[in-house]
Structures are given as structure tokens and as C-alpha cells.
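Notes follow the structure.
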Amino acid sequence: MLVSELKPDDEIIGSLQGDTRVFLVGCNGCASACETGGAEHLPAVRRMLEQAGKAVTDSTVVDFLCDKSLVRSRLRPFTSQIMDSDSVLVVTCGVGVQCVADSVLKRVRPACNTINQGGSRGTWPGAERCAECGDCLLDSTGGICPITNCSKNMVNGPCGGTTPQGNCEVDRERDCGWHLIYERLKDLDELDKITEIVPAKKYGNYLPSYDVMTSRHWAVDVPVAEGEQDE
Ligand code: SF4
Ligand code: SF4
């Protein structure tokens, strides 16, 4: 399971600056269990948007936003509403946001941060990956995660080693994540985002919470201390 928590309202509204018409997408999978983006949670997000002066063009909830084929088939009936919106606000984990971003040529904003739980991520069939960094940046990168798509986890642009063909200098079989981000932002007419400076990330967020690290489930993964082996 991927654990999501809603970003503060002002951060969500800040990411929608300049967007007046917003399409809302939720997820009935992990996000529903986390009480962030399930069908019963979207009305509160919708109210918050409307109170901030945004027009919600429509909304839908997909069973598993991490399944891209499902996302594409479920969003297809909403094509006109999505294209009539300035952006799509996605209320779920970083994988779901990336799946939506790869499925619609529209600006996609994350409403949640994805929180590290130290494992138990399950699997998903698509190429989208989330490192559960706890401070989602997908709003400024065209919906492509710089942490999982860049070999060096660069968050403020490429390292300078991208090949002329747009491959990564660390692994030339792989696209440079920042080349992908550049091309996506260009398609979205949002290239100005590439010059925004992302503050230093809090790497402490990459660790699970104290509650998780002191849980029984966590404890079974800790090697038995040498002294205890003889008891
Ligand atoms: S920026 Fe990447 S790693 Fe961080 S929450 Fe978003 S998708 Fe996950
Ligand atoms: S070439 Fe691109 S993907 Fe590779 S490390 Fe540099 S910025 Fe990251």
C-alpha cells in the first residue's frame, strides 16, 4: 500500500495558481484507505476548491489510479470535461498522479504527499514509480517524478551529463528523466516551471515515521543481535 496524506490547502491552491477550471480525480484504492482521495473524501476537496474560487468542471474516482490501462479507460468518457479544464487535480499517491499525467495532455497537480512506510508497497504494472519522498514535486515537473526518473535524484534540473540523444549518462539505455520532464513541460506550455528552484528536500522524510519504526512489523526485519542468538 502507498500511503498518501493531503497537502495543506494553501499549497494545493498555490499549485493551481492561474487555473480557474479544475477537473478532480480520486482513487478508491490506497487513497481511500488513507482517507485522502476515496469517493467519500472528494466532496471535501471539491468544497475547498470552490471556496477558493475554483470551478470544478467534473470529478471521477477510479478504483486503482496506479493501473494506467484502467486510468485511461475510466478517464476517456470525461475527455471533453478534462480538455475544458485548466488542470487536473489528482488526490492520491505519486504513482497515481503520474499515471494520470501520462494519460492526458493536461497540466496535472498532486493534492497529496506520499509517505514512506518502509516497505509494503505492493506492485504496480506501469513504469511510474514513487520513492515516497513525503513532499511531492510532480506539480513542477509535468507529472514526471524526478526522484525515480533521474539516476542522481536531481530535483533542480539535469546534472549536465545528458547525452545529445536524451539518455542518462549513468545508464545510456535509459532516458534522462530531466529530458522527459523538459519535453513534457514543453508540450504543456509550462517550460517556465523548469526555472523554479525547489528548496533542499528534507531527506528525513524518506524514513518511515517513528510509529512505523517501532512497530512489531518493523521489528521482525531487524537482524537478531549476536548476543540474542545464543539465548
Ligand atoms: S516527488 Fe516522486 S517520490 Fe516524491 S511523492 Fe512525488 S512521485 Fe513520490
Ligand atoms: S543524465 Fe539525466 S537522468 Fe542521468 S543523472 Fe543526469 S540528470 Fe539524472
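Here the working numbering is used: the first residue of the sequence shown is 720, the next is one more, and so on.
Backbone N, C-alpha and C fix where the C-beta goes; we use that ideal spot for every residue, glycine too.
Owing to the predicted nature of the structure, the values given are computational and were not obtained by experimental measurement.
Check: L824, buried or exposed, once every other Cβ within 10 Å from all chains shown has been counted against 16; Outcome: exposed
Check: C-beta atoms of N832 and K920 nearer than 7 Å; Outcome: no
Check: Check: A774 C-beta below 6 Å from any heavy atom of ligand 1; Outcome: no
Check: Distance between beta carbons of C869 and C849, contact taken as under 8 Å; Outcome: Incorrect: roughly 14 Å between the Cβ atoms, too far for contact.
Check: G946 versus R826: straight-line alpha-carbon distance, rounded; Outcome: Reliability fails at G946, whose pLDDT of 49 lies under 50, so the model's placement of it is uncertain and the value that follows must be treated cautiously. When rounded, the distance between both Cα atoms is 56 Å.
Check: Pairwise C-alpha distance: D777 and C812; Outcome: 20 Å
Check: Cβ-based burial, P829 [other Cβ within 10 Å; buried from 16]; Outcome: buried
Check: Residue range of the unbroken beta strand (DSSP E) whose run includes A771; Outcome: Unbroken run through A771: none, as it is neither H nor E.
Check: Local Cβ density within 10 Å of L910, reported as buried at 16 or more and exposed below that; Outcome: exposed
Check: E729 versus R766, A771 and V741, residue with shortest Cα-Cα distance; Outcome: Sequence inspection shows Asp at residue 729; the Glu mentioned does not correspond to that position. Residue A771 is the option with its Cα nearest to D729.
Check: Alpha helix (DSSP H) runs wholly inside the stretch 782 to 827, at least 4 long, in chain order; Outcome: 787 to 794, 798 to 802 and 813 to 820
Check: Start-to-end residues for the beta strand (DSSP E) that takes in S723; Outcome: V722 to L725
Check: D786 classed as buried or exposed, judged by whether at least 16 other C-beta atoms fall within 10 angstroms; Outcome: buried
Check: Proximity test, C831 beta-carbon vs ligand 1 heavy atom, cut-off 6 Å; Outcome: no
Check: V819 and V810 closer than 7 Å at C-beta; Outcome: no
Check: Ligand 1 heavy atom lying under 6 Å from the CB of I916; Outcome: no
Check: Any 3 or more C-beta pairs closer than 8 Å across the stretch 853 to 861 and the stretch 875 to 886; Outcome: no
Check: Backbone CA spacing between L761 and G880 [nearest angstrom]; Outcome: 42 Å
Check: C-alpha gap between C978 and D803, whole angstroms; Outcome: Outside the modelled stretch of the chain, which goes from 720 to 950, sits residue 978, for which no answer is possible.
Check: Reduced DSSP category for I834 - H, G, I as helix; E, B as strand; rest coil; Outcome: strand
Check: Boundaries of the beta strand (DSSP E) in which R740 is found, first to last residue; Outcome: R740 to C746
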